[in-house]
Amino acid sequence: MKRETILNAALLLILLAIPLWAQSADEPFIITLTTRAVIFAIAGVGLNFALGFGGLVSFGHAAFFGIGGYAMGILAYHAQTYTPLMEWPFVIEGTKSMPVIWLVAIITSAIVAVALGALSLRTSGVYFIMITLAFAQMFFFFTISWPTYGGEDGLSIYIRNDFPGLNTMDPIQFYAICYVILLLVLFFVYRAAHSPFGLALSAARQNEDRIQAIGQGPYRLYLTAYVISGAITGLAGALFADLNRFVSPTMFSWQTSGEIMIFVILGGVGRVFGPVAGAALFILLEHQLGGLSEFWHIYLGAILLGVVLFARGGLFGFIAGREVAHD
Amino acid sequence: MTDAILDVCGISKSFGALKASDNITLNLRPGEIHALIGPNGAGKSTLIKQVAGGLTPDSGTVHFAGQDVTRLSTAARAQLGMGRTFQISSLAMEFTVLQNVVLGALGRRGDVFRFFKPVMRDKELLQQAHTALEQVGLEDFHAFRTSELSHGQRRQLEVAVALTLEPKAFLMDEPMAGLGAEGTERLTDFLDGLRHRAPILLVEHDMDAVFALADRVSVLVYGEIIATGSVDDIRGNPIVRTAYLGEEDAA
Amino acid sequence: MSTILLIEQTLNGLQFGVMLFLMAAGLTLIFGVMGLINLAHGSLYMIGAFAAAAVAAATGSFILALIGSLIAAAIAGVIVEMTVIRRLYDRDHLDQVLATFALILIFSEGTRWVFGSFPLFLDKPAWLSGTVMLPFGIEYSLYRLTIILIGLAVAGGLFWMIARTRIGIQIRAGENDREMIGALGVNISRLYTLVFALGAALAGFAGALIGAIQSVQVGMGEPVLILAFVVIVIGGIGSIKGALVGAILVGLTDTLGRLLLPQFFGLFMDASAATSVGSSLSSMLIYILMAGVLLFKPSGLFGGGH
């Protein structure tokens, strides 16, 4: 078996073992921490689809994370205040149902990704980086100045949303939901990476002349990748909001975009499971260094700098070799 | 010329004061190899880009397979059946050799927007890919990473990818460059047979190959076609001799 | 609405634009000459502001504070360029973004560590406080007017430097053809350090000038950095002229949007709804402007074909 496969399996097992152990040891905080890691992993897997496979350096994925979060926040807010979301032209009620919220989060993020992607992909390189960063900032300022849903203070949701047959307020049960979603997302992304689309997208990243010579415009490939990527990160945002039972403009901040990117980089760009390792590592660092010093971001910055300057390929590159496997 | 597959009609392109293409007319008929020669800086790359896509001429038209493609994108022209190989290898260097050729076969079939089917297990694509690799003599290298190939092998791979596209015409930009004597000879033989599958517009520096292969030769100097004709016509053409061949024949 | 308010807000927009120009000019120069995207430019802005606040607290002199901001930011720029940035010139944009993002983390937390989390205050000097009487009976803040004039002077100086001086010739050569300046016998690595230090000094200077209007705190640089990106996207990357036009466009659009949009919605909505819709829309206005420019001129108003 390839080392990367073993590493993938080990990661999934560890993410399963830790909360089970924490459950038996009655450590709900550890479960919550692992839940955070899993949700961040989903967000990172989403970004990696555009960044790793398509080479689209989006520094604005907080936009989708936040949209997913606000999709949850707004729907649940209307459900908990018993006010309709919209009365005209037809009535839309809020909801506390997780699956419905996820669907709305995915669809809304995808629609926004179509609009933002169609504009930003008219450019490339540094322009693309700056534009994605700027558009995410637009949402940040918009939510701050839009008073209906809490403005700068954000929105609190008192009770976690419902999932049929489960008690979502029980940390381990909520964890199970997030873990299964991570598995489904990983499965989809793995298949997509090895599909005709994945091959063409990767070829476009490596050489745009090539992809045109076989009769495909790179723009449509990039836009599709960007939309899928945004939708996955949006789903993660909805879960994150449910974990905290709180949404605020912070989800849209440029720091959030940066952190999602860190998950991808620490793990290893372009590896399906890379962001899972990266997010887990991030949570571990946050927990360990955060306990060590209140200024732990200095160490995070130094580690990131070290990875970029000296260890491209991240954790996966370090353990499973530098070469990215393709088949 | 109704039977021409590719018809370039009076195209001009200027960059500032420089006339890179000056009222160029040429065509490509079924079954032929039409070679385009000219000294460096004659405007060959500019011309190729206007034919294959990437540059729009200031005036004039390009027709391909009965359609006006003057303003179409490179990708759209490729879909119509223009099979192009590049002067500077444009391959996906991280891919294996096989993946590059499968990509070509996938482009031919056109169903790129599928997200769930493992592409490297698609029997139809694999078969086409292996056939193309055999034809150019790269089958033994199919599992190699493209970046590990020699310069000449990358050239062969370019041709193999173009084969999988099953184009209506080939547009080959210096396929012999860097091949070495043996490689050039092999590729010359191969192209000789290939013209019956689809005609070839061949931009080439290697005069031996051009004179061995070409049914017709066009000579491009300073953005202008100064002569078009058979190999013998061109060899005997005094204008061409002074403008271009003279420099090389003098040696 | 009075004309006086409109003119006053236009001047405020101009002042905002001029500040953005100081940020954007450095960013766009650094990109044009070295091909580098520098997210840590906002940190240099912050360093300038903190240095100015510290010097002002120690000496009580605003002029010394401004000089301190220039020097501190330039020195920080030189150190960062020589230790980190120069390893990034040959890397792809992703590496540049990540490494300079890492620098933000280090600078921000480092500053918090040294100065604490509470904002510092930098007072404008007495001789620049108060208002000045402009023609048509308009009273305007002397300090803001000074910022506009200083900013325009710096812009003029930059244009002069690039058009007339040796360094300017080297910069222009570097933008056109990176190999050529090597062939001209220019010490490239010194030129790069110099350009980076110049950009850093401009950012630090902007931070100090703004620090006297707003509070000096960690994280003050990044929102300005992102606005400077919007300016560059609008103006076209690598173009100083584009940076100036883009900055003033963004400054005016933002300031006047905040004034006019709520009033516009007030024409057909009740007052509180108009304020809320107007203010949330005006917060998006410059990004909508950017989107519009992208639709019609993807490489910016003055962008070449980068």
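Residue numbers (my numbering), protein chains in the order written: chain A, 294 to 620; chain B, 2 to 252; chain C, 10 to 315. Here a beta-carbon is modelled for each residue, glycine too, at the ideal position from N, C-alpha and C.
For Ala328 of chain B, the three-state DSSP class (helix, strand or coil): Only positions 2 to 252 of chain B appear in this structure, which leaves residue 328 of chain B out of reach.
Three-pair Cβ contact test at 8 Å for the segment 118 to 128 of chain B versus the segment 142 to 159 of chain B: No, because fewer than three Cβ pairs between the segment 118 to 128 of chain B and the segment 142 to 159 of chain B fall closer than 8 Å, the two stretches do not touch.
Given Arg78 of chain B as reference, the closest of B:Ala36, B:Ala170, B:Arg198, B:Ile89 once Cα atoms are compared: Answer by Cα proximity: B:Ala170.
Asp69 of chain B in three-state terms, based on DSSP: It is a strand residue.
Own chain, CB closer than 6 Å to Glu225 of chain B, minus 5 neighbours either side, in chain order: Beyond the five residues adjoining it in sequence on each side, Glu225 of chain B comes within less than 6 Å, by CB distance, of Asp23 in the same chain, given in chain order.
Inter-residue Cα distance where the pair is Val557 of chain A and Pro568 of chain A: A direct Cα-Cα distance of roughly 4 Å separates Val557 of chain A from Pro568 of chain A.
Chain-ordered chain A contacts of Asp59 of chain B [CB-CB under 9 Å]: Per Cβ cutoff of 9 Å: no residues; Asp59 of chain B is ~22 Å from chain A at best.
Inter-residue spacing [alpha-carbon to alpha-carbon] between Asp186 of chain C and Gly44 of chain C: Answer to the nearest angstrom: the Cα atoms are 11 Å apart.
Near the ligand GTP: Ile219 of chain C beta-carbon under 7 Å from a heavy atom: Absence of the ligand GTP is noted for the structure shown, with no ligands found whatsoever.
Cutoff 8 Å; reference His590 of chain A; Cβ partners in own chain excluding five residues on either side: For His590 of chain A, where only same-chain residues beyond five positions count, there are no Cβ hits under 8 Å.
Asp502 of chain A: contacting residues in chain B (beta-carbon distance under 7 Å): Those are Phe87, Ser91, listed as they occur along chain B.
Three-state secondary structure assigned by DSSP to Arg100 of chain C: Coil.
Environment of Arg217 of chain B [buried if 16+ CB atoms lie within 10 Å]: Note on Arg217 of chain B: 16 or more other CB atoms within 10 angstroms of its CB, so buried under the neighbour-count rule.
Spatial neighbours of Asn28 of chain B in its chain, beta-carbon cut-off 7 Å, leaving aside the 5 residues before and after: Closer than 7 Å at Cβ, skipping near neighbours: Met2, Ala5, Leu7, Asp8, Val9.
Contact set between Ser488 of chain A and chain B, taken where Cβ atoms lie within less than 8 Å: For Ser488 of chain A, the chain B residues whose C-beta falls within less than 8 Å of its own C-beta are Arg115, Phe116, Phe117, Lys118, Pro119, Val120, listed in chain order.
Under 8 Å between C-beta atoms of Pro489 of chain A and Leu107 of chain B: Contact: yes.
Contacts of Val338 of chain A in chain C (Cβ-Cβ under 7 Å): Those within 7 Å of Val338 of chain A in chain C number zero; the least Cβ separation is about 17 Å.
Cross-chain neighbours of Ala595 of chain A in chain C, by beta carbon under 7 Å: Proximity of chain C to Ala595 of chain A at the Cβ level (cut-off 7 Å) is accounted for by Ile115, in chain order.
Short Cβ contact (8 Å threshold) for Thr109 of chain C with Leu38 of chain C: No, the Cβ-Cβ distance between Thr109 of chain C and Leu38 of chain C is not below 8 Å.
Start-to-end residues for the alpha helix (DSSP H) that takes in Ala338 of chain B: Since the first and last residues shown for chain B are 2 and 252, residue 338 of chain B lies out of range.
Alpha helix (DSSP H) segment containing Phe428 of chain A, residue limits: Taken as a continuous stretch (DSSP letters only), the alpha helix (DSSP H) holding Phe428 of chain A covers 418 to 438.
Chain B contact residues for Ser495 of chain A, given Cβ-Cβ distances below 8 Å: Chain B residues near Ser495 of chain A: Ala93, Glu95, Phe96.
Three-state secondary structure assigned by DSSP to Ser541 of chain A: Residue state, collapsed to three classes: coil.
Nonlocal neighbours in the same chain, by C-beta distance under 7 Å from Leu253 of chain C, ignoring five residues either side: Excluding the 5 residues flanking it on each side, Leu253 of chain C has same chain C-beta neighbours closer than 7 Å at Phe30, Ala164, in chain order.
Three-state secondary structure (DSSP) of Arg173 of chain C: In the structure shown, Arg173 of chain C sits in a helix (DSSP, three-state: H, G or I).
The segment 472 to 484 of chain A touching the segment 334 to 350 of chain A, judged by at least three CB pairs closer than 8 Å: Look at the beta carbons and you see the segment 472 to 484 of chain A touching the segment 334 to 350 of chain A: at least three pairs across the two are nearer than 8 Å.
Residue from A:Ser390, A:Ile422, A:Leu305 whose Cα sits closest to the Cα of Leu479 of chain A: Comparing Cα-Cα distances from Leu479 of chain A to each of A:Ser390, A:Ile422, A:Leu305, the minimum goes to A:Leu305.
Residues near Leu73 of chain C by beta carbon distance below 8 Å, same chain, minus five either side: Excluding residues within five positions, the ones whose Cβ falls inside 8 Å are Val64, Ala65.
Contained beta strand (DSSP E) runs [length at least 3] in the segment 20 to 66 of chain C, N- to C-terminal order: Fully enclosed beta strand (DSSP E) runs of 3 or longer: not present.
Cross-strand partners of Arg146 of chain B (DSSP beta bridge): According to DSSP, which records beta bridges pairwise, Arg146 of chain B is partnered with B:Thr97.
Distance CB(Tyr483 of chain A)-CB(Gln373 of chain A) smaller than 8 Å: No.
Residues of the segment 507 to 526 of chain A with Cβ closer than 9 Å to any Cβ of chain C, in chain order: Within the segment 507 to 526 of chain A, no residue qualifies.
Val407 of chain A, enclosing alpha helix (DSSP H) - first and last residue: Per DSSP, Val407 of chain A belongs to the alpha helix (DSSP H) from 391 to 413.
Pair within 8 Å by beta-carbon distance, Val242 of chain C and Met554 of chain A: Between Val242 of chain C and Met554 of chain A, the CB-CB gap reaches or exceeds 8 Å.
Length of the line joining the Cα atoms of Ile240 of chain B and Gly17 of chain B: Approximately 28 Å between the Cα atoms of the pair.
Bridge-paired residues (DSSP) for Lys14 of chain B: Lys14 of chain B pairs with B:Ser22.
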